[in-house]
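Reviewing the structure listed below.
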Amino acid sequence: MCEHVLIGGTKCKTKVCIVFDWLQNSHSAADQSYGRQLFDKFQDSFASLHKMTEDKTLELSDENAPFFTHGKDELCTTCSTQWTNALNEIDKKTAEETDSKTKCFSLFFYLFFFPFGSRFCFVGIAVCQEESANDEAQIKKETGEIERLKQILKEEMEANQKVRTEDERLTKGFGELVQVKKQKIEAYEGLRDDYNQTNDELQQLQTQLNSFVFILTLIYLLARFGLTAFVTDSMIVLRGKEIEMEHICEEMLARIKTKEEEVEVMQKQCAEKNAYVSQLVSQMNQTTGIAEKLQMQTDDVRTKTLELDGKIENVRREMNNKENAIQQLTNELWQTNAIAHSEANESNQTAALCQEKEEALQKTQKLIEKLYKILNEVDKQQSECANLLSARFFLFYFLLTVKEMIDLLCIESKRSIWKWKNLKQISQPK
1 MCEHVLIGGT
11 KCKTKVCIVF
21 DWLQNSHSAA
31 DQSYGRQLFD
41 KFQDSFASLH
51 KMTEDKTLEL
61 SDENAPFFTH
71 GKDELCTTCS
81 TQWTNALNEI
91 DKKTAEETDS
101 KTKCFSLFFY
111 LFFFPFGSRF
121 CFVGIAVCQE
131 ESANDEAQIK
141 KETGEIERLK
151 QILKEEMEAN
161 QKVRTEDERL
171 TKGFGELVQV
181 KKQKIEAYEG
191 LRDDYNQTND
201 ELQQLQTQLN
211 SFVFILTLIY
221 LLARFGLTAF
231 VTDSMIVLRG
241 KEIEMEHICE
251 EMLARIKTKE
261 EEVEVMQKQC
271 AEKNAYVSQL
281 VSQMNQTTGI
291 AEKLQMQTDD
301 VRTKTLELDG
311 KIENVRREMN
321 NKENAIQQLT
331 NELWQTNAIA
341 HSEANESNQT
351 AALCQEKEEA
361 LQKTQKLIEK
371 LYKILNEVDK
381 QQSECANLLS
391 ARFFLFYFLL
401 TVKEMIDLLC
411 IESKRSIWKW
421 KNLKQISQPK
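Read in the UniProt record's numbering, the sequence shown has 57 at position 57, and its numbers run on one by one without any break.
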């Protein structure tokens, strides 16, 4: 077997080497024998390329003629080069043998036939010329046959080169397919990790939502049992908003359950990713609308809070004015008491002064009654302001907590959409 290695790692699998097939159709048995003798002379050079058959004879009528037989494989570059060099050397030896035969025949004719006369010379020359022409035609024919064999060898080498090029292209394509398969495997592993991470995030979100519901229930109980006696109207408004928020929370829970179901369906059937992304987009739009409504309600509450702040400020101003009036009345009372004490010390004053004292005392009594009324009104207004401030605090905290939860849901929805879009781009075949 030939030990040379073809491009691509395939060994040259030569079985039989038919060297002188061109002797079969264009030469006699003697020439065939002569060709076999030439082959025996160069057998050592061919033995390095191919092993002969077991009997080491060449059957020129073999069906594998006229050239090498390699099955489905072709000659390697080294084998074809050595074969071409061997053919050239055989042609050279054949030409030398032919020239030597021609020279010997001419010398024999000149020595033995020249004395018999010019007639025999001309006849011999004509015969020699005819044989020379025949030999020249035969040489041309053999040369053409050799050229044909060289052309066949060239075509075989070109076909071999094409096969090698195709093999390289297929090998490269197979490598690219293997790389694409590895990328898809990595993408599916990333999909599994993303699913596990999304599931963990959903569980954390469920825990936070349960905490939020507990805080909301506690706020509701505090607002229900702590402020009912003072701010009935405000509690009615808060109760209505609380009911709305409960409905919103129920919708949010329903959406979360729907998202979990969609994640399970998405894990089983990757073909439904587009529908799932569209549904997430629609849900995000709905959540955004709810957030906008809550923002509008928060703005209304802030407006009402500002109005309450204005009212509280007015009440404070009135309280300050009334305190100033009370201070002024107190000063007048002290002055009146001083006058009364001075009049009491002066026991010799007239009855008119006593009457004035009694009138001053009556005025003082009236001022004291007014002062108590003002103080009672101030206490009531302070209680109302405290209740309004408590309601404002709980309502603001409640709305702020709801807004944070909705923002968190929007962020998680956008993150899920972004992940699935990237996964869709990766999973698409190139």
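Backbone N, C-alpha and C define an ideal beta-carbon position, used for all residues, glycine too.
Inclusion of L205 and I248 in the CB contact set at 8 Å is not warranted, their separation being larger than that value.
I374 and T207 have their alpha carbons spaced roughly 53 Å apart. A distance of 8 Å or more separates the beta carbons of E201 and E377. With contacts defined as CB atoms closer than 8 Å, I215 and T401 qualify as a contacting pair. CA-CA distance, M245 to L333, rounds to 57 Å.
Contact annotation: Q297 and K370 have beta-carbon atoms that are not nearer than 8 Å. Note that the C-beta distance between L308 and L367 is not below 8 Å. In this structure, the alpha-carbon of R148 lies about 22 Å from that of V163.
Ranked by how close their Cα comes to the Cα of Q362, the residues Q203, S383, T336, K380 have T336 in first place. Between the C-alpha atoms of L191 and T217 there is a straight-line separation of about 38 Å. The C-beta of T198 has 16 or more other C-beta atoms within 10 Å across all chains shown, which makes the residue buried.
The C-alpha of E155 is placed about 47 Å away from the C-alpha of A187.
Pairing E264 with L177, the inter-Cα distance amounts to about 30 Å. With fewer than 16 other beta carbons inside 10 angstroms of its own, E131 counts as exposed.
With distances taken between CA atoms, E250 lies nearest to L209 out of V315, E404, L209.
In this model, E359 and A325 are separated by some 20 Å (Cα to Cα). Cβ-Cβ separation between F174 and M405: approximately 53 Å, too far for a contact (criterion under 8 Å).
Each residue's CA atom was taken as its position, placing T165 and M157 some 12 Å apart. Sixteen is the threshold: since fewer than 16 other Cβ atoms of the shown chains lie within 10 Å of the Cβ of N134, the residue is exposed. The Cβ neighbour count for E262, taken over all protein chains shown within 10 Å, is at least 16; the residue is labelled buried. For E313, the number of other beta carbons within 10 angstroms of its own is below 16, and it is reported as exposed. Looking at the backbone, the Cα of K172 and that of Q179 are separated by about 11 Å. Residue environment for N160: buried (at least 16 other C-beta atoms within 10 angstroms of its C-beta). Counting the other CB atoms within 10 Å of its CB gives K259 a total of 16 or more, which places it among the buried residues. Annotation: N320 to W418 spans about 60 Å, alpha carbon to alpha carbon.
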